[in-house]
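Below is one structure, written out as structure tokens; the observations come after it.
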Amino acid sequence: MAVRMDVTPALRCRGLRRRYGDLIAVDGVSFEIALGETYGLLGPNGAGKTTVISMVAGVLRADAGEVSVAGQPMTPRTPAVKARIGYVPQDVALYPDLSGRENLRFFARLYGLSRAEARSRVAEVLETIGLAERARDPVGEYSGGMKRRLNIGVGLLHQPRLLILDEPTVGVDPQSRNAILASVEALATGGMAVLYTTHYMEEAQRLCDRVGVIDNGRLVAEGTVRELTALVGEHDRVVLAADGDLPAAAEKLRTVAGVREVSVGAGRLELLCGDGRAALPEILACLASAGVAVRSVELREPDLEAVFLHLTGKSLRD
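All residue numbers for the sequence shown refer to the working numbering, where the first residue is 10 and numbers rise by one.
As structure tokens, then:
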């Protein structure tokens, strides 16, 4: 007998709407996040991200629509459902006079863990966030990046089904930032669902399985990076430094499946492709048959920055 897989989303939002006076901050936002998936919610300042996160976390009641976590409806008055969420806000919420371990033990008890459970979970979380060796030091002596990592650790103590990370790398040094990103990657690999907001497009490209772009309170696009770039007509760019009869080779390249456009420059060919990685073997074979010697190959895949600018008319940090 086949084992039935649980396909209930870790998070499901349907038609979320929130108004502040005459301002509609969120207007009919819907999306889902599966277990083991990292979902990036991107938008310029004032787009409605914070309001969406507040409704997802049960801090703010929606005027319309619904939120469910692991199949259970979420409202500000459903603490049992809230307990399935780990929320890591932008602002660090720690006690500087306590050590890292003492901070975690305090929050573990607030989550309702027994003393034995708290002791075990604190040790595990300290390893996860890479602070086991600094666990006895006062948090006031931590660097900004270490405080951010401990802040994430607080959200992990009760082993939530969904972890909300609201711009977790703001103001941290490159080493700590990379440690935070590596931790998030490990959490998703372990089966946790992650809702991630950031003002750094490269983070979204590295971490997120899917991305939702919100602007003026509405979700204007959603999908994988590849799907979003295709949606707005962006293509991969393949640049080849080469020697030989390049104009003749360009004519042959235009017949290769997936190649949309070919231009010839001084000692180089530039191609636009639907999927550069998939087309590259045939491109190189075509050039070899045309007697062209390729000196270097550069594949430039379209990024989220171009997509975001196309969709919103703004950069992510606006």
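Every residue, glycine too, gets a C-beta built ideally from N, C-alpha and C.
Quick one: grab the DSSP three-state call for residue i.
i           : result
residue 47  : strand
residue 26  : strand
residue 201 : coil
residue 11  : Note that residue 11 has pLDDT 40, beneath the 50 cutoff, so the model's placement of it is unreliable and the number below is only indicative. It is coil, neither helix nor strand.
residue 109 : helix
residue 220 : strand
residue 90  : helix
residue 307 : strand
residue 103 : coil
residue 79  : coil
residue 215 : helix
residue 228 : strand
residue 192 : helix
residue 16  : coil
residue 68  : coil
residue 287 : helix
residue 63  : helix
residue 331 : Residue 331 cannot be examined here, being either before or after the span of the chain that is shown, 10 to 327.
residue 323 : coil
Report buried or exposed for residue i, applying the criterion of at least 16 other Cβ atoms within 10 angstroms of its Cβ.
i           : result
residue 16  : exposed
residue 125 : exposed
residue 13  : With a pLDDT of 37 at residue 13, under the threshold of 50, the modelled position of this residue cannot be trusted, and the question is left open.
residue 211 : exposed
residue 46  : buried
residue 175 : buried
residue 68  : exposed
residue 73  : exposed
residue 130 : buried
residue 198 : exposed
residue 21  : buried
residue 104 : exposed
residue 10  : Any reading at residue 10 needs caution, since the residue's pLDDT is 37, under 50, leaving its predicted position unreliable; the model's value is listed next. By the 10 Å Cβ count, residue 10 comes out exposed.
residue 119 : exposed
residue 304 : exposed
residue 206 : buried
residue 63  : buried
residue 290 : exposed
residue 18  : buried
residue 32  : exposed
residue 321 : buried
residue 309 : exposed
residue 114 : buried
residue 169 : buried
According to DSSP, residue i sits in a beta bridge with which residue or residues?
i           : result
residue 207 : Its beta-bridge partners do not exist; DSSP assigns none.
residue 281 : 246 and 270
residue 298 : Answer is none; residue 298 lacks a bridge partner.
residue 33  : 28
residue 73  : 26
residue 42  : 20
residue 96  : 173
task = Please specify which runs of the beta strand (DSSP E), each continuous and at least 3 residues long, are wholly inside the stretch 154-186, giving them in chain order.
result = 171-175
message = Please give the ranges of any alpha helix (DSSP H) in the stretch 234-265, keeping only runs that are unbroken, at least 4 residues long and fully inside the region.
response = 234-240 and 255-262
task = Enumerate, from N- to C-terminal direction, the unbroken alpha helix (DSSP H) stretches of 4 or more residues contained entirely within the stretch 113-149.
result = Restricting attention to alpha helix (DSSP H) runs no shorter than 4 residues, the stretch 113-149 encloses them at 124-137, ordered along the chain.
contact_flag[the stretch 262-272, the stretch 289-297] where n(CB pairs < 8 Å) is 3 or more = yes
key: At least three beta-carbon pairs within less than 8 Å, the stretch 266-283 to the stretch 239-246   = A contact exists between the stretch 266-283 and the stretch 239-246.
query = Counting Cβ pairs, one atom from each stretch, are 3 or more of them under 8 Å apart for the stretch 313-322 and the stretch 47-56?
reply = yes
inquiry  = Taking 8 Å as the cut-off, does the stretch 82-101 touch the stretch 124-138 (at least 3 CB pairs, one atom from each stretch)?
reply    = no
query = Are at least three pairs of beta-carbons, each pair with one atom in the stretch 232-239 and one in the stretch 75-87, less than 8 Å apart?
reply = no
query = Is there contact between the stretch 56-68 and the stretch 223-231, where contact requires at least three CB pairs shorter than 8 Å?
reply = yes
ask   = Hey, is the stretch 146-161 in contact with the stretch 179-189, meaning 3+ C-beta pairs nearer than 8 Å?
value = yes
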